[in-house]
Amino acid sequence: MNQYDKAFKEEAVRLSDEIGPKKAAEQLGVAYHTLQGWRKQRTLHGDGAHIGSGRAYASADKTAREIELEKEIGELRRANEILKDALGFFAKDRKR
1 MNQYDKAFKE EAVRLSDEIG PKKAAEQLGV AYHTLQGWRK QRTLHGDGAH
51 IGSGRAYASA DKTAREIELE KEIGELRRAN EILKDALGFF AKDRKR
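In the UniProt record's numbering, the protein residues as written are 1 to 96.
So, in structure tokens, the structure goes:
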């Protein structure tokens, strides 16, 4: 059984909004019913959806600001990974 992180699920749901769930599931190699489940979670739980396998949804104790900051941290981490990959790519290119 595959386990997907929150960022992947969120991007998959966004893509399914743009091109439709069947095409998105096909492009991403995810079962259609799995993607539909993620879409349903987003509808039911909003930003608290897609926490991960076996973990509870975001609690009501978290403020909107805390949830927003956690989301921003995740986005910044993903951006850092992209920048690290780009740095490695360009560093290899300069060695030639």
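Using N, Cα and C, we set each Cβ at its ideal position, and we do this for glycine too.
Taking C-alpha positions only, residue 76 is separated from residue 33 by approximately 30 Å. Non-local beta-carbon contacts of residue 36 in its own chain, meaning distances under 7 Å to residues more than five positions away in sequence, involve 21 in chain order. Selection 31, 90 and 81 evaluated against residue 7 yields 81 as nearest (Cα-Cα). For residue 11, the closest of 3, 38 and 31 by C-alpha to C-alpha distance is 38.
A residue is called buried once 16 or more other Cβ atoms fall within 10 Å of its Cβ, and residue 65, having fewer, is exposed.
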